[in-house]
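Protein chains in written order, with the numbering used here: chain L, 104 to 336; chain V, 124 to 476. Here a beta-carbon is modelled for each residue, glycine too, at the ideal position from N, C-alpha and C.
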């Protein structure tokens with residue numbers, strides 16, 4: 104995605120609304136540990152894997168927030184923050200900024216406020232979110248089906264066609280499947296459900312994907328009831 | 124017996140510190156000052172607070188002046204202009220006019236502390252319109268306003284909402300002929316930006332720069348607090364033109380790191396004017412036969428190992444008459460010059476210690 108910084112792309116969104124979102128970002132307890140001042144030196148971009156593949160710059164994230172450029176921050180919250188891989192290589196900043204952490208916070212604000220671009224960015228991850236949140240474990244390679252993850256690109260089909268063959272080429276510790284140590288025990292699942300409920304993660308999901316939220320609530324409520332918990336989502 | 128006095132020309136921070144050093148070492152100094160008071164440029168130009176510690180300038184200057192005016196080893200000659208000199212190390216005869224009256228001073232050594240003058244923004248080659256727009260001012264004007272505690276737009280007396288500094292005005296510019304960095308303006312602009320944010324908290328402050336040069340502790344003592352605590356906006360890119368738009372100013376430049384052209388409205392623009400040799404500096408160089416560099420500053424001969432000796436034995440130069448210098452440089456050079464002048468004198472007329 105081309106990131107044009109020379110224009111105020113979201114000029115139609117009222118400044119007050121953009122400012123409200125930025126104030127939410129600033130109010131996050133982590134914000135002042137993630138941003139001091141920016142030299143605009145680019146060391147974060149030099150270290151950033153995403154910057155090599157996308158028109159993405161952790162420097163611009165730090166610059167915009169340090170300058171409190173409300174219009175630019177809003178543009179970034181829509182068009183840039185989802186290009187970050189959250190690896191935190193950018194933490195090597197000489198001013199001790201963490202553009203990655205700024206993005207974590209901006210993503211949470213984007214999700215909590217149901218920004219359309221956040222919904223679109225997360226659309227392809229519904230299945231993964233469902234798996235992680237309902238089973239407490241990740242997508243396993245043997246779940247790769249030809250049409251499972253269209254957002255991952257056309258090569259997924261090729262890989263799924265020859266999955267057995269591909270997997271033999273990989274190191275053994277990645278050979279987990281749904282058959283091998285994939286299931287999570289009940290006590291852990293219950294704790295996970297309670298954490299997601301009590302920390303507001305379920306509210307975030309509701310903001311971003313109503314359907315997914317409904318399915319998750321069904322699964323979780325049933326399990327929690329079985330175990331004697333009275334939780335309403 | 125050879126003359127044992129040392130002549131100091133200029134009563135600014137450099138001259139004051141030289142005088143104090145010489146006097147406290149037990150030697151005699153004559154301090155010649157063209158104005159009727161001491162303190163030099165920081166006093167004449169009404170500096171509010173010093174860089175980097177924001178200490179009130181008046182208080183700091185008084186601390187420098189007091190031990191000099193009260194010392195029996197220092198003779199101060201106010202309203203005095205040196206106009207001629209002859210002789211050599213151990214025996215200089217210097218002619219001066221004191222309120223129109225001819226006087227002659229004999230000295231074993233001479234220390235020139237005649238300092239700098241602020242660059243006249245009328246000579247800049249951009250289109251900043253200092254003499255055209257009321258709300259375009261210089262660091263010097265700003266310092267005066269801050270000292271008076273009245274930071275307002277000259278055009279209408281209102282508190283500004285948006286203010287920017289433009290760095291390197293008259294410095295680092297081949298077209299103007301001043302290729303050097305004036306060294307102090309980044310720190311002073313940042314210091315003033317902090318003071319503006321303190322005086323007018325809802326005023327946005329921007330600094331347009333080529334590169335910020337705040338070496339050593341100035342970095343964390345001024346630059347970081349300005350940016351992190353006072354939210355001063357540093358933008359790499361220099362404006363080329365200031366236009367009037369309605370009752371505001373329109374500043375045209377480039378936001379280089381964000382790769383976008385910039386046309387931003389401002390209520391006030393502060394030009395970070397640099398240093399040039401003062402009239403007195405150029406005059407003294409001529410009178411004493413001191414080499415000057417192409418910019419007119421007095422050339423010191425020892426490179427980094429001797430920052431005060433000149434081509435004339437027995438004549439030393441201190442502070443901003445030798446090139447851009449901050450107070451730290453000037454005061455350090457003053458101590459060195461006092462020491463070197465005394466040792467040169469002692470070599471001529473050895474004293475048993």
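query, result
"At 3 residues or longer, what runs of the beta strand (DSSP E) sit wholly inside the segment 189-253 of chain V?", "197-200, 203-211, 214-221, 224-230, 232-235 and 239-241"
"Where residue 108 of chain L and residue 177 of chain V are concerned, what is the direct C-alpha to C-alpha distance, given to the nearest angstrom?", "37 Å"
"Please report the residue range of the beta strand (DSSP E) in which residue 455 of chain V lies.", "Here residue 455 of chain V belongs to no beta strand (DSSP E); instead the alpha helix (DSSP H) covers 450-471."
"So, is residue 55 of chain L buried or exposed, given that buried needs 16 or more other C-beta atoms within 10 angstroms?", "With chain L covering only 104 through 336, there is no way to say anything about residue 55 of chain L."
"Quick one: is residue 109 of chain L near chain V, going by C-beta distance under 7 Å?", "yes"
"Residue 195 of chain L CB to nearest chain V CB: under 7 Å?", "no"
"With burial defined as no fewer than 16 other Cβ atoms inside 10 Å of the residue's Cβ, what is the status of residue 199 of chain L: buried or exposed?", "exposed"
"Is residue 416 of chain V helix, strand or coil when you go by DSSP?", "coil"
"Taking only the alpha-carbon atoms, compute the straight-line gap between residue 357 of chain V and residue 351 of chain V and give it to the nearest angstrom.", "11 Å"
"Which same chain residues end up closer than 7 Å to residue 463 of chain V when comparing Cβ atoms and leaving out the 5 residues on each side of it in sequence?", "431, 432 and 439"
"Suppose contacts are defined by Cβ-Cβ distances below 7 Å. Is residue 233 of chain L in contact with residue 177 of chain L by that definition?", "no"
"State the Cα-Cα distance for the pair residue 217 of chain L and residue 307 of chain V, rounded to the nearest angstrom.", "49 Å"
"Per DSSP, which residues does residue 157 of chain V bridge with? Please list them.", "Beta-bridge pairing links residue 157 of chain V to no other residue."
"Give a yes or no on whether 7 Å exceeds the smallest Cβ distance from residue 122 of chain L to chain V.", "no"
"Determine the direct distance from the alpha carbon of residue 288 of chain L to that of residue 241 of chain L, and round the result to whole angstroms.", "14 Å"
"Rounded to the nearest angstrom, how far is the Cβ of residue 347 of chain V from that of residue 331 of chain L, given a contact under 8 Å?", "The pair is not a contact, with the Cβ atoms about 55 Å apart (cut-off 8 Å)."
"Measuring straight from C-alpha to C-alpha, what distance separates residue 435 of chain V and residue 132 of chain V?", "16 Å"
"Indicate whether residue 134 of chain V and residue 161 of chain V have their beta-carbon atoms separated by less than 7 Å.", "yes"
"Indicate whether residue 387 of chain V and residue 374 of chain V have their beta-carbon atoms separated by less than 7 Å.", "yes"
"Which two residues bound the contiguous beta strand (DSSP E) that contains residue 389 of chain V?", "383-389"
"Once you ignore the five residues that flank residue 274 of chain V on each side, which residues in its own chain have a CB closer than 7 Å to its CB?", "268, 319, 322 and 323"
"From residue 111 of chain L to residue 121 of chain L, what does the alpha carbon distance come to, in whole angstroms?", "12 Å"
"Roughly how many angstroms separate the alpha carbons of residue 163 of chain L and residue 397 of chain V, rounded to a whole number?", "31 Å"
"Could you tell me whether the Cβ atoms of residue 292 of chain V and residue 395 of chain V are closer together than 7 Å?", "yes"
"Does the count of Cβ pairs from the segment 360-372 of chain V and the segment 336-346 of chain V closer than 8 Å reach three?", "no"
"Chain V beta carbons: is any one of them nearer than 7 Å to that of residue 239 of chain L?", "no"
"Residues in its own chain within less than 6 Å of residue 476 of chain V by CB, not counting five upstream and five downstream?", "Reliability fails at residue 476 of chain V, whose pLDDT of 49 lies under 50, so the model's placement of it is uncertain and no value is given."
"If contacts are defined as beta-carbon pairs under 8 Å, then residue 140 of chain V and residue 454 of chain V qualify, I think. What distance do you get, rounded to the angstrom?", "5 Å"
"Would you please state the rounded distance, in angstroms, between the beta carbons of residue 210 of chain L and residue 244 of chain L? I believe it to be under 8 Å.", "Incorrect: roughly 27 Å between the Cβ atoms, too far for contact."
"For residue 384 of chain V, which residues from the same chain have a beta carbon less than 7 Å from its beta carbon, with the 5 sequence-adjacent residues on both sides left out?", "377"
"So the alpha helix (DSSP H) residue 140 of chain V belongs to, where does it begin and stop?", "136-147"
"Counting only Cβ pairs nearer than 9 Å, list the residues of chain L close to residue 384 of chain V.", "109"
"Which first and last residues belong to the alpha helix (DSSP H) in which residue 165 of chain V is found?", "163-167"
"Would a check of beta-carbon distances place residue 177 of chain V closer than 7 Å to chain L?", "no"
"I need the DSSP call for residue 240 of chain L, collapsed to helix, strand or coil.", "coil"
"Quick one, which residues of the segment 340-353 of chain V are near chain L if we go by CB-CB under 7 Å, in chain order?", "347, 350 and 351"
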